[in-house]
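Residues in the sequence shown are numbered from 0 upward in steps of one, following numbering that gives the first Met the number 0.
Here a beta-carbon is modelled for each residue, glycine too, at the ideal position from N, C-alpha and C.
Note that the structure is predicted; figures quoted are calculated from it, not measured.
Data first, discussion second: the structure below is written as structure tokens.
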Amino acid sequence: MIFDQVFLVRKPLLQSEHLACVFGNPIEQSKSPIIHNLFAKQFNISLNYQKKLVAVNSFAQAAEIFFNNPHAIGANVTMPFKHDALAWVDELSQQAQRAGAVNTIIRTSNGFRGDNTDGIGLVNDLRQHGVELKKAKILVIGAGGAAKGALPALVDAGASQIFIQNRDQAKAKQLKLDVNSFSPGVANLYLADDKVFDLIINATSLSLTEQLPSLSDSIFECQPAVYDMVYKDQPTVFLKHAKNVGCIKTIDGLGMLIEQAAHSFYLWFGYQPDTGPVFKYLRNES
Ligand code: NDP
Numbered sequence: 000m001i002f003d004q005v006f007l008v009r010k011p012l013l014q015s016e017h018l019a020c021v022f023g024n025p026i027e028q029s030k031s032p033i034i035h036n037l038f039a040k041q042f043n044i045s046l047n048y049q050k051k052l053v054a055v056n057s058f059a060q061a062a063e064i065f066f067n068n069p070h071a072i073g074a075n076v077t078m079p080f081k082h083d084a085l086a087w088v089d090e091l092s093q094q095a096q097r098a099g100a101v102n103t104i105i106r107t108s109n110g111f112r113g114d115n116t117d118g119i120g121l122v123n124d125l126r127q128h129g130v131e132l133k134k135a136k137i138l139v140i141g142a143g144g145a146a147k148g149a150l151p152a153l154v155d156a157g158a159s160q161i162f163i164q165n166r167d168q169a170k171a172k173q174l175k176l177d178v179n180s181f182s183p184g185v186a187n188l189y190l191a192d193d194k195v196f197d198l199i200i201n202a203t204s205l206s207l208t209e210q211l212p213s214l215s216d217s218i219f220e221c222q223p224a225v226y227d228m229v230y231k232d233q234p235t236v237f238l239k240h241a242k243n244v245g246c247i248k249t250i251d252g253l254g255m256l257i258e259q260a261a262h263s264f265y266l267w268f269g270y271q272p273d274t275g276p277v278f279k280y281l282r283n284e285s
């Protein structure tokens with residue numbers, strides 16, 4: 000499929016070229032340049048979006064060099080630099096503070112602002128798939144960076160109870176405390192006696208290695224919507240398993256990736272891209 004055939008030019012816009020990038024290690028696999036270039040075409044924005052492979056412990060240096068270019072308007076940050084980015088920026092959004100991580104840097108008139116769009120990306124994708132979050136009872140498996148970004152956004156979207164299950168119990172307890180500090184009583188540890196959920200989110204990396212979380216199939220008894228933050232060419236092992244035990248709505252993390260990028264793009268340019276055609280393009284490509 001050729002980009003120009005699918006994406007309409009909606010608004011005449013900025014004349015000069017803008018520079019943006021994604022910092023990470025590894026970075027070769029990143030789809031961010033494809034996504035942001037497709038967004039830019041929707042608004043006739045001239046964007047040069049690059050992948051930056053950064054050596055571990057060299058984030059600050061890489062960011063200084065990149066932003067030394069006056070055309071550099073912002074950057075995305077992926078593993079393992081989301082904490083380095085938090086320390087590097089001059090100010091933080093509430094989302095970045097709550098998540099304890101920065102995945103988007105925005106150049107401002109005062110310096111650099113750090114934000115976190117993972118949570119809003121997840122929530123927007125769940126909404127696109129018709130998952131009701133108001134008063135929802137949610138099981139989140141995982142307590143790493145992705146879960147930390149997701150939980151505050153799920154609370155803001157109206158979730159009534161969030162149960163956390165993680166291999167490392169200390170991390171689950173800390174995440175529970177963090178969430179309850181701004182929304183008392185919403186987060187609980189998962190204690191295996193609760194079986195009724197509206198939504199189950201796998202926020203671990205287990206599906207990357209074809210592994211399932213060690214949880215009883217009773218969590219699927221009420222046929223909740225099931226989300227896996229990992230995405231692959233084929234349905235992930237977690238989503239396949241959920242379908243096999245009777246769940247009907249199963250969603251992978253491709254939409255989250257695109258929606259979080261869309262919010263970054265909005266923070267840089269003030270334009271909200273249409274994510275639907277980008278989702279179709281990437282789904283067909285994989
Ligand atoms: P982290 O490394 O911060 O956390 C990894 C999580 O997976 C932890 O909860 C960890 O548990 C758990 N885990 C890893 N291996 C095992 C195992 N063998 N058994 C049990 N639990 C395990 O990664 P992130 O939180 O940043 O990312 C998690 C996943 O989400 C990744 O695969 C990433 O690709 C995906 N993601 C997708 C996004 C999207 O846009 N679709 C955005 C962000 C992330 P423990 O704490 O016990 O180690």
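Residue environment, residue i, which counts as buried when at least 16 other CB atoms sit within 10 Å
{"i": "phenylalanine 181", "result": "exposed"}
{"i": "histidine 128", "result": "exposed"}
{"i": "alanine 261", "result": "buried"}
{"i": "serine 108", "result": "exposed"}
{"i": "alanine 54", "result": "exposed"}
{"i": "histidine 240", "result": "buried"}
Proximity to residue i [Cα-Cα], best of the options
{"i": "alanine 135", "options": "Asp114, Val178, Gly143, Val185", "result": "Val185"}
{"i": "aspartate 117", "options": "Pro272, Phe278, Ser263", "result": "Ser263"}
{"i": "leucine 52", "options": "Tyr189, Tyr270, Gly23, Gly254", "result": "Gly23"}
{"i": "asparagine 179", "options": "Phe162, Asp193, Glu284", "result": "Phe162"}
{"i": "aspartate 155", "options": "Leu214, Ala98, Asp216, Pro25", "result": "Ala98"}
{"i": "asparagine 268", "options": "Gln41, Met78, Asp167, Ile26", "result": "In the sequence as displayed, the identity of residue 268 is phenylalanine instead of asparagine. Residue Gln41 is the option with its Cα nearest to phenylalanine 268."}
{"i": "glycine 275", "options": "Thr208, Asn123, Pro25", "result": "Asn123"}
{"i": "leucine 174", "options": "Tyr230, Ala191, Gly148, Gly157", "result": "Gly148"}
{"i": "glycine 157", "options": "Ala142, Asp167, Val130, Gly141", "result": "Val130"}
{"i": "glycine 144", "options": "Gln49, Leu91, Ser204, Thr208", "result": "Ser204"}
Contact test: residue i Cβ vs the ligand NDP heavy atom, cutoff 7 Å
{"i": "arginine 126", "result": "no"}
{"i": "lysine 170", "result": "yes"}
{"i": "asparagine 165", "result": "yes"}
{"i": "valine 122", "result": "no"}
{"i": "leucine 205", "result": "yes"}
{"i": "valine 345", "result": "The requested residue 345 does not occur in the structure, where the chain is confined to residues 0 to 285."}
{"i": "proline 212", "result": "yes"}
{"i": "glutamine 259", "result": "yes"}
{"i": "glycine 141", "result": "yes"}
{"i": "aspartate 117", "result": "yes"}
{"i": "glycine 144", "result": "yes"}
{"i": "glycine 99", "result": "no"}
{"i": "leucine 153", "result": "no"}
Residues near residue i by beta carbon distance below 8 Å, same chain, minus five either side
{"i": "serine 57", "result": "none"}
{"i": "glutamate 16", "result": "Ser45, Leu46, Asn47, His70"}
{"i": "lysine 30", "result": "Leu256, Leu281"}
Same chain only: Cβ atoms within 6 Å of residue i, ignoring 5 sequence neighbours per side
{"i": "lysine 242", "result": "Thr249"}
{"i": "glutamine 259", "result": "Thr116, Asp117, Gly120"}
{"i": "phenylalanine 146", "result": "The question names phenylalanine, but residue 146 is alanine in the sequence shown. Excluding residues within five positions, the ones whose Cβ falls inside 6 Å are Val139, Ala202."}
{"i": "tyrosine 270", "result": "Phe42"}
{"i": "alanine 59", "result": "Trp87"}
Presumed contact (8 Å Cβ cut-off) between residue i and residue j, rounded CB distance
{"i": "tyrosine 189", "j": "leucine 138", "result": "6 Å"}
{"i": "valine 101", "j": "lysine 81", "result": "6 Å"}
{"i": "glycine 113", "j": "leucine 150", "result": "About 18 Å; that fails the 8 Å criterion."}
{"i": "asparagine 67", "j": "alanine 95", "result": "23 Å between Cβ atoms; not a contact."}
{"i": "asparagine 187", "j": "glutamine 164", "result": "The Cβ separation is near 10 Å, so there is no contact."}
{"i": "isoleucine 64", "j": "valine 88", "result": "With a Cβ gap of about 16 Å, isoleucine 64 and valine 88 do not count as contacting."}
{"i": "alanine 74", "j": "leucine 46", "result": "Contact doesn't hold; Cβ gap of about 12 Å is too wide."}
Sequence-distant residues of the same chain with beta carbon closer than 7 Å to residue i, five excluded per side
{"i": "aspartate 227", "result": "Asn201, Ser206, Thr235, Phe237, Leu238, Asp251, Gly252"}
{"i": "glutamine 222", "result": "Gly245, Cys246, Ile247"}
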